[in-house]
Amino acid sequence: MEKSKVFFSNLHTTFSETLPQKLERLIKTAGIGEIDFKNKYAAIKIHFGEPGNLAYLRPNYAAVVVKVVKELGGKAFLTDCNTLYVGGRKNALDHLDAAYTNGFSPFSTGCHVIIADGLKGTDEELVPVEGGEYVKEAKIGRAIMDADVFISLSHFKGHEATGFGGALKNIGMGCGSRAGKMEMHSAGKPFVKPERCIGCGRCIKICAHDAPSIQNGKASINHDKCVGCGRCIGICPMDAVCAASDESNDILNCKIAEYSKAVVSGRPHFHISLVVDVSPNCDCHAENDIPIVPDVGMFASFDPVALDLACVDAVNRQPVIAGSQLDQMPHVHRDHFTDSAPQTNWRSCIRHAVKIGLGSDAYELIEI
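If you want our numbering, it's the position in the sequence shown, counting the first as 1, plus 1033.
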């Protein structure tokens, strides 16, 4: 079987080539120009960073990708879906505020931001997952599925549930609507924290299945009626309705792989990962710890699975930064991400992605 090509550039610059220019050379060398962008809508999936977090990718990198897409005749937009949890990106208005605060404006990036699953995280498209074992129909933000071309631009870092967050995490979890994210995180259905509930009844009004009810001024959800759409989570003004988040990390990783396949199947796609500011936890946190390893470089490929594996291998070749979370953990696994978060198993995502035909775990690294 032919190995997937993963292109790599270190972060050294010269007086004649800046880092953004080097990223442009990388993605052009990796073959992004082979995609027909002419008059096509191109979704560039990125994480805008939870307010307070400073490890997210600078908008300068997004501007490079937008520039190249436009030069190739495409209509580019930056996109992400709303979050399942409480925070600064739970609805489209707050999400846009977060994106603009962190520098992702049309003036800095050259294109607009579209929150793919709409105002409250419910604007979704049901997408069949060919060969899916855990998910038959993925719930993906509609604007992402409306695009003709899909590009992922990922900050590669650690993650407390999946081991690391790279291309597959950015695509699979990131493109899921609120109900999709709940499906990946949970084997159950939403529940109400009574200490937060004010008995306003908004969950009752939004539910099409008559699952919520109020007794003694507090809401509860009948799981026999609930279909797990997550609309009650988005509508609750007090964040009293929560997802169960009771799925095992291995199954979570498998579902992320299946959601990723739903997103990219049937259309051109291209993937970029920057291994910089490798924080131990997700950019969804409102804070970020110091990196666990030094900055590595920039990677690009048509194969998101091979891309993730190449990034993992590159990180594992790096020394541990003194004083980091990883430095304080026992080094028993010979793997930086597993040592940093021993409860995780990132290999389950790679294995399942290969099994369902999303990509390859055999790659050729080509340095430019």
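Beta carbons are placed, not taken as given, at the ideal position from N, Cα and C, and that holds for glycine.
From the listed residues 1230, 1313 and 1274, the smallest Cα separation to residue 1088 is found for 1313. A residue is called buried when at least 16 other Cβ atoms come within 10 angstroms of its Cβ; residue 1119 does not meet this threshold and is exposed. Taking C-beta atoms under 8 Å as the contact rule, residue 1290 and residue 1039 fail to qualify, at a distance of about 18 Å.
Here residue 1084 is near residue 1121, since their CB atoms are less than 8 Å apart.
Spanning the alpha carbons of residue 1069 and residue 1392 requires a straight line of approximately 21 Å. Residue pairing of residue 1330 in beta bridges, as defined by DSSP: 1308.
Put simply, the backbone Cα of residue 1340 is about 35 Å away from that of residue 1260. Residue 1351 places its beta carbon 8 Å or farther from that of residue 1375.
If the five residues before and after residue 1368 are omitted, its C-beta is found closer than 7 Å to the C-beta atoms of 1349, all from its own chain and listed in chain order. The Cβ-Cβ distance between residue 1111 and residue 1125 does not fall below 8 Å.
Three or more Cβ pairs drawn from the region 1228-1243 and the region 1268-1282 lie within less than 8 Å of each other, which places the two stretches in contact. With respect to the 8 Å criterion, residue 1043 and residue 1330 are classified as neighbours on the basis of their beta carbons.
Per the coordinates, the alpha-carbon of residue 1048 lies some 20 Å from the alpha-carbon of residue 1041. In this model, residue 1171 and residue 1140 are separated by some 34 Å (Cα to Cα). Between the alpha carbons of residue 1196 and residue 1379 lies a distance of about 5 Å. Under the DSSP definition of a beta bridge, residue 1054 lacks any partner. Spanning the alpha carbons of residue 1285 and residue 1217 requires a straight line of approximately 6 Å. For residue 1233, the secondary structure class from DSSP, reduced to helix, strand or coil, is coil.
Counting along the chain, the unbroken beta strand (DSSP E) around residue 1172 starts and ends at 1170-1174. By DSSP's assignment, residue 1047 forms a beta bridge with 1050. Out of 1148, 1213, 1244 and 1055, the CA that lies nearest to the CA of residue 1159 is found in 1213. Taking 8 Å as the cut-off, the Cβ atoms of residue 1385 and residue 1315 do not count as close. Only buried fits residue 1186, as 16 or more other CB atoms lie within 10 angstroms of its CB. Contact between the region 1290-1305 and the region 1195-1210 is present: three or more C-beta pairs spanning the two stretches fall below 8 Å.
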